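In numbering that gives the first Met the number 0, the protein residues as written are 0 to 337.
For every residue, glycine included, the Cβ atom is placed at its ideal position computed from N, Cα and C.
Since the structure is predicted, the reported quantities are computational estimates derived from the model, not experimental observations.
See below for the structure under consideration.
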Amino acid sequence: MAVLQSTMPNPQDPELPRRLGSRMTDDHSSTSNTTTTKVIELGPRDLEEGKSQRPSSGVLENAWQFMLLFLAGLLTVHSVNVLQRDETEGVMLVWSSAWVTAACSALGVVPFFFIKDLECVAGAGNALAAGVMTAASLGLLAEGLMEPTTPDTAFEPSIKVLVGMYLGVGFMKASERLITEKEAVDLAEAKSWRRAVVIMMAMTFHAFAEGVGIGVAFRTHTLGSVVSLSLALHNVPEGIAVAVVLIPRGFSSVATALMCILSSIPQPLMAVPAFIFVDSFASIIPIGFGFASSAMLMVSTLELMPEALAAISACRAYSIMFCSMLAMCALQVVIRTM
Numbered sequence: 000m001a002v003l004q005s006t007m008p009n010p011q012d013p014e015l016p017r018r019l020g021s022r023m024t025d026d027h028s029s030t031s032n033t034t035t036t037k038v039i040e041l042g043p044r045d046l047e048e049g050k051s052q053r054p055s056s057g058v059l060e061n062a063w064q065f066m067l068l069f070l071a072g073l074l075t076v077h078s079v080n081v082l083q084r085d086e087t088e089g090v091m092l093v094w095s096s097a098w099v100t101a102a103c104s105a106l107g108v109v110p111f112f113f114i115k116d117l118e119c120v121a122g123a124g125n126a127l128a129a130g131v132m133t134a135a136s137l138g139l140l141a142e143g144l145m146e147p148t149t150p151d152t153a154f155e156p157s158i159k160v161l162v163g164m165y166l167g168v169g170f171m172k173a174s175e176r177l178i179t180e181k182e183a184v185d186l187a188e189a190k191s192w193r194r195a196v197v198i199m200m201a202m203t204f205h206a207f208a209e210g211v212g213i214g215v216a217f218r219t220h221t222l223g224s225v226v227s228l229s230l231a232l233h234n235v236p237e238g239i240a241v242a243v244v245l246i247p248r249g250f251s252s253v254a255t256a257l258m259c260i261l262s263s264i265p266q267p268l269m270a271v272p273a274f275i276f277v278d279s280f281a282s283i284i285p286i287g288f289g290f291a292s293s294a295m296l297m298v299s300t301l302e303l304m305p306e307a308l309a310a311i312s313a314c315r316a317y318s319i320m321f322c323s324m325l326a327m328c329a330l331q332v333v334i335r336t337m
């Protein structure tokens, strides 16, 4: 009985309302905490169930990439088979040669299958890409200045190259202004994407002129196959330059190979019209040379080299840059003399 009296509250106790109120508050708070804990525990479970009920977008994206790369491989094999036939001539010969030339740019991704630690080679890769792009820029300037004057225009090739260079600088400044309007948190990522877009556009303009050159070579003399082969060799280091920029920024090897082919796709697309209408494309080639030259030169000197210097020593960065630039210049001289 004593125990029962000790456990029961005294109705005459003046502190009874306060203690009952505090107890009710504690019970309510504990119930709320328990409910909240249950919701938190059930939340991830519901999310996992939702994820399991719908396919992953990354899996679908990878499937599309593999499918496109497989189709590009089939088209390349078909083009090689067409070139091996003795009766192949005309438009089919030009298209097949130009497509195989463009597909060779995907070989620039092959070294990255054997490179696992991309951070260690990012600085050296940026220096390598800077050297290749600087040599390509200088080569484009030389090609544009040596273009013959066409009879349908009074402008010299040097004027056209200068106009193209101004357009390239204007494109770079416009993209930089778009970047400065973003928040500071997104600045580094935006610059990386701008660099990738600029390199892709520069390589595309470069490929535009090369495709016209392939078509004109097949139309004007018998060295079309030699020109196509030399440009195929030339596309491999250009593919490496594209891969060096894209892979460290999150692009997969398959996606990078597709981007390399995409940057060279104007070669077969422009080779056939240039083969058919050889005189109509000669007047705009120097403008494309100037645009690609200025854009690539600004990217290599103002963005790629500073990143290389921040990652590796200056002696090593400039050594890699000059060696790659000299190798690319030598390759261009060999191609020019063939």
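Can you grab the Cα-Cα spacing for the pair T336 / V76, in whole Å?
Going from the Cα of T336 to the Cα of V76 covers about 29 Å.
By Cβ distance below 6 Å, which residues in the same chain neighbour S312 in space, the five residues on each side in sequence not counted?
Nothing listed; no residue qualifies.
With the cut-off set at 7 Å, would you say E234 and S263 are in Cβ contact?
The displayed chain sequence assigns Asn, not Glu, to residue 234. In contact: N234 and S263 (Cβ atoms closer than 7 Å).
Buried or exposed for G72, going by 16 or more other Cβ atoms inside 10 Å?
Label assigned to G72: exposed.
Just to check my reading of the structure: M171 and M297 have Cβ atoms closer than 8 Å, yes? What is that Cβ distance to the nearest angstrom?
With 8 Å as the limit, M171 and M297 qualify as a contact, their Cβ atoms being about 5 Å apart.
Roughly how many angstroms separate the alpha carbons of M327 and V160, rounded to a whole number?
Using only the alpha carbons, I get a separation of about 21 Å.
Below 8 Å on the Cβ atoms is my contact criterion, and I expect A273 with V211 to pass it. Report the Cβ-Cβ distance as a whole number of Å.
The pair is a contact, with the Cβ atoms about 4 Å apart (cut-off 8 Å).
From what residue to what residue does the alpha helix (DSSP H) around M145 run?
From DSSP, M145 is part of no alpha helix (DSSP H); its letter is neither H nor E.
For the segment 235-247 against the segment 99-113, do three or more pairs of beta-carbon atoms, one drawn from each stretch, fall closer than 8 Å, so that the two count as touching?
As far as the Cβ criterion goes, the segment 235-247 touches the segment 99-113, which means the pair count is three or higher.
Run through DSSP, which three-state label would S299 get?
Looking at S299 - three-state DSSP - the assignment turns out to be helix.
Candidates L230, A231 and L257: which alpha carbon is nearest A242's?
Ranking the options by Cα distance to A242, first place goes to L257.
Using the Cα positions of G289 and L166, report the straight-line distance between them to the nearest angstrom.
Straight-line Cα distance between these residues: approximately 8 Å.
Mark F217 as exposed unless 16 or more other C-beta atoms lie within 10 angstroms of its C-beta, in which case mark it buried.
Buried.
Measuring CB to CB, does T100 end up less than 7 Å from Q266?
Closer than 7 Å, so yes.
Quick test of your reading: A270 and I213, contact by CB under 8 Å. State the CB separation rounded to the nearest angstrom.
Their Cβ separation, rounded to whole angstroms, is 4 Å, which keeps A270 and I213 in contact under 8 Å.
To which residues of the same chain is Q331 closer than 6 Å at the C-beta, ignoring the five residues directly before and after it?
Same-chain partners within the cutoff: G138.
Tell me the DSSP secondary structure of F111 in three-state form.
F111: helix per DSSP, three-state reduction.
What did DSSP end up calling M69 once you bin it into helix, strand or coil?
The sequence given here has Phe at residue 69, not Met. Helix at F69.
For A254, collect the residues of the same chain with a Cβ closer than 6 Å to its Cβ; drop the 5 residues on either side in sequence, then sort them by chain order.
So the list reads Q64, once near-sequence residues are dropped.
Using the Cα positions of N61 and L68, report the straight-line distance between them to the nearest angstrom.
For N61 and L68, the distance between alpha carbons rounds to 11 Å.
For the alpha helix (DSSP H) containing Q266, list its first residue and its last residue.
Note, Q266: alpha helix (DSSP H), P265 to I275.
Would you kindly report the start and end of the unbroken alpha helix (DSSP H) that includes L106?
No alpha helix (DSSP H) contains L106, which DSSP labels as neither H nor E.
Which same chain residues, not among the five before or five after F321, have their C-beta less than 7 Å away from its C-beta?
Only G130 meet the Cβ criterion.
Is the closest heavy atom of the ligand ZN to the C-beta of S292 under 6 Å?
Only the bare structure without any ligand can be found here, which leaves the ligand ZN out of the picture.
Three-state secondary structure (DSSP) at I155?
Looking at the sequence shown, residue 155 is not Ile but Glu. Note: E155 maps to coil in three-state DSSP.
What do you get for C259, buried or exposed, if any count of 16 or more other CB atoms within 10 angstroms of its CB means buried?
Buried, because 16 or more other Cβ atoms sit within 10 Å of the Cβ of C259.
Please state whether DSSP places I311 in a helix, a strand or coil.
Note: I311 maps to coil in three-state DSSP.
For I347, which three-state DSSP category applies?
Here the chain comprises residues numbered 0 to 337, so residue 347 is not present and cannot be evaluated.
Considering only their Cβ atoms, is the gap separating L308 from A316 smaller than 7 Å?
Yes, they are a contact pair.
Quick one, are the C-beta atoms of V168 and S293 less than 7 Å apart?
Yes. Within cutoff.
Pull up the distance between the alpha-carbon of I286 and that of S318, whole angstroms please.
Cα to Cα, the separation comes out at about 32 Å.
Here's the rule: buried if 16 or more other CB atoms are within 10 angstroms of the residue's CB, otherwise exposed. What is L92?
Its Cβ being crowded by 16 or more others within 10 Å, L92 is buried.
Straight-line CA distance for E155 to E237?
Their Cα atoms are separated by approximately 29 Å.
To the nearest whole angstrom, what separates the beta carbons of M295 and A135, a pair I think is in contact under 8 Å?
Correct: roughly 6 Å between the Cβ atoms.
Apart from the five residues on each side of it in sequence, which residues of its chain come closer than 6 Å, Cβ to Cβ, to W94?
P267 and V271, listed in sequence order.
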